[in-house]
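Protein chains: 2
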Amino acid sequence: MTGAADGATRWALLVEYDGTPFVGWQRQATGVSVQSVLEQAASRLVNDAAVAVTAAGRTDAGVHAAGQVAHLDLPTGLIESRGLTPKRLRDALNFHMRPHPIAVVAAAMVPPDWSARFSANRRRYLYRILNRPARPALERSRVWHVKPPLDPLPMREAAAMLVGRHDFTSFRATACQAKSPLRTLDRLELVVAGGLIEIHAEARSFLHHQVRNMVGTLKLVGEGRWQPGQVATALAALDRAAAGPTAPADGLFLMEVGYAQDPFAETGLSLP
Amino acid sequence: MTGAADGATRWALLVEYDGTPFVGWQRQATGVSVQSVLEQAASRLVNDAAVAVTAAGRTDAGVHAAGQVAHLDLPTGLIESRGLTPKRLRDALNFHMRPHPIAVVAAAMVPPDWSARFSANRRRYLYRILNRPARPALERSRVWHVKPPLDPLPMREAAAMLVGRHDFTSFRATACQAKSPLRTLDRLELVVAGGLIEIHAEARSFLHHQVRNMVGTLKLVGEGRWQPGQVATALAALDRAAAGPTAPADGLFLMEVGYAQDPFAETGLSLP
Chain L
2 MTGAADGATR WALLVEYDGT PFVGWQRQAT GVSVQSVLEQ AASRLVNDAA
52 VAVTAAGRTD AGVHAAGQVA HLDLPTGLIE SRGLTPKRLR DALNFHMRPH
102 PIAVVAAAMV PPDWSARFSA NRRRYLYRIL NRPARPALER SRVWHVKPPL
152 DPLPMREAAA MLVGRHDFTS FRATACQAKS PLRTLDRLEL VVAGGLIEIH
202 AEARSFLHHQ VRNMVGTLKL VGEGRWQPGQ VATALAALDR AAAGPTAPAD
252 GLFLMEVGYA QDPFAETGLS LP
Chain R
2 MTGAADGATR WALLVEYDGT PFVGWQRQAT GVSVQSVLEQ AASRLVNDAA
52 VAVTAAGRTD AGVHAAGQVA HLDLPTGLIE SRGLTPKRLR DALNFHMRPH
102 PIAVVAAAMV PPDWSARFSA NRRRYLYRIL NRPARPALER SRVWHVKPPL
152 DPLPMREAAA MLVGRHDFTS FRATACQAKS PLRTLDRLEL VVAGGLIEIH
202 AEARSFLHHQ VRNMVGTLKL VGEGRWQPGQ VATALAALDR AAAGPTAPAD
252 GLFLMEVGYA QDPFAETGLS LP
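First to last, the protein sequences are chains L and R. Here the first sequence stands for residues 2 to 273, numbered as in my numbering. Here the second sequence stands for residues 2 to 273, numbered as in my numbering.
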């Protein structure tokens, strides 16, 4: 939670990526991460010096982002010596990240103590289930393919039981590093269109795997293997083993991160 | 326009595909086509005998389909001897087409003189433009990336001039084999959401490259390089050179083919 050093300017980035080829947001011992591609592109702007990039949400391997937010610090001198502007930073990072499926959609100058992660007060995720017998062709690696027909009505009933302030221990990865399992889930809503079931989840913050564990449990309800009330029982058990399995990463998208003040308001966001 | 032979049953298929890896719908001397993958999968059901598959719209290389329709003839004996049903045909074709990004979403038995191509009375296409400086990450190969800001208002004005019954010679590929250049364009509508411009086109049938040539011309209007009225002038010129360039295949999707009677009505379409 450190601010930018003297002589450095902090920049916020709005980032979109296809998670399929990556080991996740975070740097790993092996494999290519979204963070490492962004950091290597940024280091090209400072004679290959190391640059750290911090994200609002450290998405897992295979998870996609339409609206990830990150920040990084660059020498303030670049603004005068190299004419660095938000648009030029966006274009330079995109140039150096080719051909990875990562795009900086917008960049903005932010105060030195602003943090993409700790200043965020809202995260919105979308989970997409393709519910039909035929496998996905157009949406391959962007949906969870579930063949047996799911009934959205009991799924909605069960989802409503998870909304609110709860101890989400039953829906938290065992590796989760958050200090408290208490979270306030503001929205968990199903939208059904054709064979696609879209599940929208919103909260100030989520526990590790929380969305995927909730979706994996709702799927049991949709199949009729669980009654909706069993989800409330699983929540009350405060035991990961009491809830359903983790839904695959493919269907999960980080859609939006919210802040008290939108850092990209002046850039017109993704609008050209 | 031949019907099914004696002893053969005609089947309709609802087909979805990602056009990126294919040379197009139609068989070519080299490269993999959607038609050849489907035909090879079908031939596995008849001891590797040749099976011909006919589509409603012969999409070009790189063009996608969410709702292509095709038909094929199979020995009627398979229904009794192998218990062939619409669902089993769908599943068998999908099994044999793996791992190609093609999916038979539904299959249905149709009358022997029914044709996916000649019985069709409506085609709906969607063309997607991603209009922002940053290249697509999530929608790579599924949009036309246009960096300069497009103004949708004059584009809508120009699109309205193309709707109706016209000689579309100016928007027709020189290789187009249709006997008449007369077509009735029922809908050419822009829907703008964020950086995405979606252009919906509907007609009984289209000329070769007609949608892509119309989109390539509308883009000139959106950039301000053409006034909307120049599109009407280009249409009246009856000269391909008078209209704008062909928009790339990546952004084009065949969404739906219409028939007097929906062959998939009883299957519940893409619903499981």
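Glycine is no exception: its CB is placed at the ideal position from the N, C-alpha and C atoms. It should be emphasised that the depicted structure is a prediction, and the values quoted were computed from it without experimental measurement.
Can you check which of these residues, L/28, L/24, L/193, L/244, is closest to residue 130 of chain L by C-alpha distance? That would be L/193, whose Cα lies nearest to the Cα of residue 130 of chain L.
So what does DSSP say about residue 155 of chain R, is it helix, strand or coil? In the structure shown, the three-state DSSP call for residue 155 of chain R is helix.
With a cut-off of 8 Å, does the C-beta of residue 130 of chain L fall near any C-beta of chain R? No, no contact with chain R.
If we count the other Cβ atoms within 10 Å of its Cβ and call it buried at 16 or more, is residue 181 of chain L buried or exposed? It counts as exposed.
Can you tell me whether residue 17 of chain R is buried or exposed, with buried defined as 16 or more other CB within 10 angstroms of its CB? Classification of residue 17 of chain R: buried, given that the 10 Å Cβ count is 16 or more.
State the Cα-Cα distance for the pair residue 128 of chain L and residue 37 of chain L, rounded to the nearest angstrom. Their Cα atoms are separated by approximately 25 Å.
Roughly how many whole angstroms lie between the Cα atoms of residue 80 of chain L and residue 86 of chain L? Using only the alpha carbons, I get a separation of about 7 Å.
Note down, in chain order, every chain R residue with its Cβ under 7 Å from the Cβ of residue 17 of chain L. Residues of chain R passing the Cβ test: 138, 139.
Looking at the structure shown, is residue 46 of chain L part of a helix, part of a strand, or coil, going by DSSP? If DSSP states are grouped into helix, strand and coil, residue 46 of chain L belongs with the helices.
Just grab the DSSP bridge partners of residue 12 of chain R for me. Answer by DSSP bridge pairing, in chain order: R/73, R/110.
Flag this pair as yes or no: are the beta carbons of residue 11 of chain L and residue 72 of chain L separated by less than 8 Å? Yes. Within cutoff.
Looking at the C-beta of residue 248 of chain L, does it have a partner C-beta in chain R at a distance below 8 Å? Not an interface residue.
is_contact[residue 53 of chain L, chain R] using C-beta, thresh 8 Å: By this cut-off, residue 53 of chain L is not an interface position.
C-beta contact flag for residue 68 of chain R and residue 21 of chain R at 8 Å: Going by C-beta atoms, residue 68 of chain R is not nearer than 8 Å to residue 21 of chain R.
Could you name the residues that DSSP lists as bridge partners for residue 115 of chain L? Residue 115 of chain L is not bridged to any residue.
State buried or exposed for residue 220 of chain L, treating a residue as buried only when at least 16 other CB atoms are found within 10 Å of its CB. By the neighbour-count rule (16 or more Cβ atoms within 10 Å), residue 220 of chain L is buried.
Among residues of its own chain, excluding the 5 on either side of residue 28 of chain L, which ones have a beta-carbon nearer than 7 Å to its beta-carbon? If you ignore the 5 residues before and after residue 28 of chain L, its C-beta comes within less than 7 Å of the C-beta of 34, 36, 37, all in its own chain and listed in chain order.
8 Å is my cut-off, CB to CB: does residue 240 of chain L come that close to chain R? It does not; no Cβ of chain R falls within 8 Å.
Does DSSP put residue 97 of chain L in a helix, in a strand, or in coil? Per DSSP, reduced to three states, the secondary structure at residue 97 of chain L is helical.
So, for residue 233 of chain L: in the same chain, excluding its five sequence neighbours on each side, which residues have a beta-carbon less than 7 Å away from its beta-carbon? Cβ neighbours of residue 233 of chain L beyond the five flanking positions: 162.
Compare the C-beta of residue 65 of chain L against all C-beta atoms of chain R and say whether one is closer than 8 Å. Against chain R, the CB of residue 65 of chain L has a partner CB under 8 Å away; the residue lies at that interface.
Might you give, ordered along the chain, the residues of its own chain that have their beta carbon closer than 8 Å to the beta carbon of residue 137 of chain R, omitting 5 neighbours on each side? Cβ neighbours of residue 137 of chain R beyond the five flanking positions: 131, 143, 144, 146.
Kindly confirm or deny that the stretch 111-130 of chain R and the stretch 96-103 of chain R touch, where touching means at least three C-beta pairs closer than 8 Å. Under the 8 Å Cβ criterion, the stretch 111-130 of chain R does not count as touching the stretch 96-103 of chain R, having fewer than three qualifying pairs.
Taking the C-alpha atoms as reference points, what is the distance between residue 237 of chain R and residue 210 of chain R? One C-alpha to the other measures close to 18 Å.
For residue 1 of chain L, collect the residues of the same chain with a Cβ closer than 6 Å to its Cβ; drop the 5 residues on either side in sequence, then sort them by chain order. Outside the shown range of chain L, which is 2 to 273, sits residue 1 of chain L, and nothing can be said about it.
Determine the closest residue to residue 249 of chain R out of R/4, R/61, R/8, with distance taken between C-alpha atoms. Nearest option by C-alpha distance: R/61.
Coarse secondary structure for residue 105 of chain L, derived from DSSP in three states: Of the three classes helix, strand and coil, the one that applies to residue 105 of chain L here is strand, per DSSP.
May I ask which residues mark the beginning and end of the alpha helix (DSSP H) holding residue 238 of chain L? Residue 238 of chain L -> alpha helix (DSSP H) spans 230-238.
For chain R, find out if any of its Cβ atoms is closer than 8 Å to the Cβ of residue 92 of chain L; answer yes or no. True, the Cβ-Cβ gap to chain R drops below 8 Å.
Roughly how far, in whole angstroms, is the beta-carbon of residue 240 of chain L from the beta-carbon of residue 170 of chain L, given that I think they are within contact range, below 8 Å? At roughly 7 Å, the Cβ-Cβ gap stays under 8 Å, so residue 240 of chain L and residue 170 of chain L are in contact.
Three-way DSSP call (helix, strand, coil) for residue 169 of chain L in this model: Per DSSP, reduced to three states, the secondary structure at residue 169 of chain L is coil, with no helix or strand assignment.
Contact list for residue 106 of chain R against chain L, beta-carbon separation under 9 Å: What residue 106 of chain R touches in chain L: 133, 134, 135, 138, 196.
Check the C-beta distance from residue 186 of chain R over to residue 164 of chain R and give it rounded, since I have them as a contact under 8 Å. Sure, about 5 Å apart at Cβ, within 8 Å.
Span separating the alpha-carbon of residue 42 of chain L from that of residue 228 of chain R: Each residue's alpha carbon lies about 40 Å from the other.
So is residue 82 of chain L buried or exposed if we call it buried at 16+ other beta carbons inside 10 Å? Exposed is the call here.
Which chain C residues sit within Cβ distance under 8 Å of residue 102 of chain R? Looking at the structure shown, chain C is missing, and the protein chains on hand are L and R.
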